[in-house]
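Participant:
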Amino acid sequence: MVTDVFHDERQDVFWIVGVGADRRHATTMRPGAVYSGQWVPSLCDVWLKIPSATPGGREPKSRAITDRCEDCARKTAEGDFASTIWDF
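All the letters of the sequence shown, read from the start, carry residue numbers 1 to 88 under the UniProt record's numbering.
1. So who's on the other strand from isoleucine 85, going by DSSP bridges?
2. What separation, rounded to the nearest whole angstrom, lies between the Cα atoms of tryptophan 15 and arginine 24?
3. Please identify the residue among Asp12, Val13, Arg10, Asp87 whose C-alpha is closest to the C-alpha of serine 52.
4. Please go through the same chain and pick out, in chain order, the residues whose beta-carbon is closer than 6 Å to the beta-carbon of aspartate 67, but skip the five residues on each side of it.
5. What residue from Ser62, Lys49, Ala21 has the CA that sits closest to methionine 29's CA?
6. Could you compute how far the alpha carbon of glutamate 78 sits from the alpha carbon of threonine 54?
7. Could you compute how far the alpha carbon of alanine 26 sits from the alpha carbon of leucine 43?
And the structure:
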């Protein structure tokens with residue numbers, strides 16, 4: 001018998017607000033692994049520009065944005081992704 005040791009692992013998606021965006025989009029690209037100003041694709045094929053990090057002691061402006069892209073939300077549910085909200 002062969003045991004599938006990876007069957008419990010799920011792909012992560014990160015809900016981020018790109019520069020100038022008004023809602024969160026899901027991306028499989030770990031935001032902390034890319035530099036500020038880099039463009040990353042979302043699940044709905046919208047490209048998001050990674051914002052600069054918020055200075056220490058301040059709250060990221062994106063934290064107040066809770067609206068999510070409906071297409072990304074649908075694809076996240078269909079793909080059984082593990083979701084993380086990520087603010088810079």
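Note that CB positions come from ideal geometry on N, CA and C, so glycine has one too.
Facilitator: In brief:
1. Trp15.
2. Their Cα atoms are separated by approximately 6 Å.
3. Measuring from the Cα of serine 52, the nearest candidate turns out to be Asp87.
4. Contacts found: Arg23.
5. With distances taken between Cα atoms, methionine 29 lies closest to Lys49.
6. Computed Cα separation, rounded: 33 Å.
7. Cα-Cα distance, rounded: 6 Å.
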